[in-house]
């Protein structure tokens with residue numbers, strides 16, 4: 001009886017190799033108390049943040065974050081709904097099913113992780129909702145998510161409108177932005193004395209003025225005086241807003257009349 005061991009090399013296939021294109025790495029995330037297991041593909045291709053993260057060498061003797069359900073990548077400060085919405089945009093064709101809250105979650109995460117393609121998609125889908133907001137809300141949303149287009153038109157609207165800016169709006173915008181708006185309003189709505197809204201903001205009875213706010217108010221008012229323009233001179237309000245607030249303005253043009261001034265935006 002032959003008891004010799006069979007030749008290990010006979011009749012056996014070589015160990016399989018991993019396909020270079022379609023052997024996807026899987027990663028596990030945790031948002032709130034939910035686990036998400038997804039391919040790392042779009043995180044790597046769309047975000048420098050994640051490319052840098054996944055290139056880091058694993059800690060010696062410790063499991064790699066994201067490698068299992070027991071060792072997920074924990075997403076601090078991110079809601080499960082927000083992360084799920086981003087994954088829908090990444091991996092499914094159900095983008096039309098996302099509501100406003102979900103699209104805002106996509107915008108938040110794509111801005112945070114510099115996913116420019118998904119951010120552009122979120123901005124586009126939130127356009128109608130944002131347009132329906134008051135100008136101060138549009139400015140605050142634009143600041144929060146770094147969307148210049150939402151801010152520029154809203155600043156211009158606050159400058160051009162006839163009614164004064166409320167104290168609540170001034171407080172929400174902050175002193176610096178409020179004084180810049182007032183400076184531009186002085187150019188669009190010329191007056192002979194310091195703007196009433198600046199006085200109300202600086203000398204509000206429930207908020208004693210500081211030397212800093214008084215100085216800023218005087219500086220912006222004097223600047224408005226120096227830059228006061230003749231009634232028929234053309235003001236490129238859009239350009240002024242972009243320069244003063246340091247934002248990129250959309251290229252919209254067209255004249256309108258503001259307090260007797262021809263203003264081109």
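In this note's numbering, the protein residues as written are 1 to 265.
For each residue, glycine too, the CB sits at the ideal point set by N, CA and C.
Query, Result
"For residue 89, which residues from the same chain have a beta carbon less than 7 Å from its beta carbon, with the 5 sequence-adjacent residues on both sides left out?", "95, 106, 118 and 121"
"On the three-state DSSP scale, how would you describe residue 31?", "strand"
"For the alpha helix (DSSP H) containing residue 147, name the first residue and the last one.", "First-last for residue 147: undefined, no H or E at that position."
"For a minimum of 3 consecutive residues, which ranges assigned as the beta strand (DSSP E) are wholly contained in the stretch 61-144?", "73-75"
"With DSSP as the reference, please indicate the residues paired to residue 37 in a beta bridge.", "28"
"From the DSSP output, in three-state form, read off residue 195 for me.", "Low per-residue confidence applies at residue 195: pLDDT is 47, beneath 50, and the placement is therefore not dependable enough to give any value."
"Quick test of your reading: residue 36 and residue 113, contact by CB under 8 Å. State the CB separation rounded to the nearest angstrom.", "With a Cβ gap of about 15 Å, residue 36 and residue 113 do not count as contacting."
"Please state if the CB of residue 141 and the CB of residue 266 are separated by a distance shorter than 8 Å.", "Given a span of 1 to 265 for the chain in the structure shown, any question on residue 266 remains unanswerable."
"Can you give the beta carbon distance from residue 139 to residue 155, rounded, assuming they're within the 8 Å contact cut?", "6 Å"
"Return the first residue and the last residue of the alpha helix (DSSP H) that residue 170 is part of.", "167-173"
"As a quick exercise: from 110, 116, 146 and 103, pick the residue whose alpha carbon is nearest that of residue 129.", "103"
"Return the first residue and the last residue of the alpha helix (DSSP H) that residue 266 is part of.", "Only positions 1 to 265 of the chain appear in the structure, and residue 266 is not among them; the question remains open."
"Between the alpha carbons of residue 72 and residue 85, how many angstroms are there, rounded?", "19 Å"
"Relative to the alpha-carbon of residue 115, which residue among 41, 176, 12 and 18 has its alpha-carbon at the smallest distance?", "41"
"Please report the Cβ distance between residue 56 and residue 78, rounded to the nearest whole angstrom; I am assuming they are in contact, meaning their Cβ atoms lie under 8 Å.", "So it is not a contact: roughly 20 Å between Cβ atoms."
"Please classify residue 33 as buried or exposed, where buried requires at least 16 neighbouring CB atoms within 10 angstroms.", "exposed"
"Return the Cβ separation of residue 29 and residue 75 in integer angstroms, given the expectation that the two are a contact with Cβ distance under 8 Å.", "6 Å"
"Since residue 172 and residue 136 should fall inside the 8 Å C-beta cutoff, what is the C-beta to C-beta distance between them, to a whole number of angstroms?", "6 Å"
"Would you report the Cα separation of residue 70 and residue 145, rounded to the nearest angstrom?", "33 Å"
"Round the Cβ separation of residue 66 and residue 123 to the nearest angstrom and send it over; I've been treating them as touching at under 8 Å.", "No, residue 66 and residue 123 are not in contact; Cβ-Cβ is about 29 Å, not under 8 Å."
"Judging by CA-CA distance, which residue of 62, 13 and 133 is the nearest neighbour of residue 153?", "133"
"Pick out whichever of 25, 87, 92 and 46 has its Cα sitting closest to the Cα of residue 64.", "25"
"Beta carbon of residue 100, beta carbon of residue 126: below 8 Å?", "yes"
"Shortest alpha-carbon distance to residue 161 belongs to which of 174, 22 and 184?", "184"
"Would you call the CB atoms of residue 38 and residue 98 closer than 8 Å?", "no"
"Mapping the DSSP letters down to three states, classify residue 176 as helix, strand or coil.", "helix"
"Taking its Cβ as the centre, do 16 or more other Cβ atoms sit within 10 Å of residue 178, making it buried, or is it exposed?", "buried"
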